[in-house]
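Asks: Here's a structure for you.
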Amino acid sequence: RFKAVTALSPLQYQKQLRLQEARRLMLCEGLEAASASYRVGYESPSQFSREYRRLFGEPPLRDLTRLRNSA
Numbered sequence: 098r099f100k101a102v103t104a105l106s107p108l109q110y111q112k113q114l115r116l117q118e119a120r121r122l123m124l125c126e127g128l129e130a131a132s133a134s135y136r137v138g139y140e141s142p143s144q145f146s147r148e149y150r151r152l153f154g155e156p157p158l159r160d161l162t163r164l165r166n167s168a
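For the sequence shown, this note's numbering gives the first residue as 98, with consecutive numbering after it.
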């Protein structure tokens, strides 16, 4: 039922929320990627970067640079 509403499994949904919160922390609060990743529960910065790239299409630094330049 959850997947029918969100199109994601509960685990995928939780991961997406964590990555979006990390993105917000980096963009709005100025945290570095490693700090934001730990804050949202990642133990490995490399795992965070890999999953971030998978969701947003580019690594954290490049994504944030693009977002800041387009604002």
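Quick reminder that beta carbons are idealized off the backbone N, C-alpha and C, glycines included.
A161 and M123: beta carbons closer than 8 Å?
Replies: Along the sequence shown, read from residue 1 onward, the residue named residue 161 stands at position 64. Along the sequence shown, read from residue 1 onward, the residue named residue 123 stands at position 26. Note on residue identity: the sequence assigns Leu, not Ala, to residue 161. It is a contact, given that the beta carbons lie within the stated cut-off.
Asks: To test your reading of the DSSP string, which unbroken alpha helix (DSSP H) runs of 4 or more residues are found completely within the stretch 124–163?
Replies: Entirely contained in the stretch 124–163, the alpha helix (DSSP H) runs reaching 4 residues are, in chain order, 130–136, 142–153.
Asks: Does DSSP put S106 in a helix, in a strand, or in coil?
Replies: Here residue 106 refers to the residue found at position 9 of the sequence shown. Coil.
Asks: Skipping 5 residues on each side, what residues in its chain have a beta carbon closer than 6 Å to that of V137?
Replies: On the sequence shown, residue 137 is found 40 positions in, with the first residue counted as 1. These residues qualify, in order along the chain: R115, E118, A119.
Asks: Tell me which residues share the same chain as E148 and place their Cβ nearer than 7 Å to its Cβ, disregarding the 5 neighbours each side in the sequence.
Replies: Position 51 of the sequence shown, counted from the first residue, corresponds to residue 148. Closer than 7 Å at Cβ, skipping near neighbours: K112, L116.
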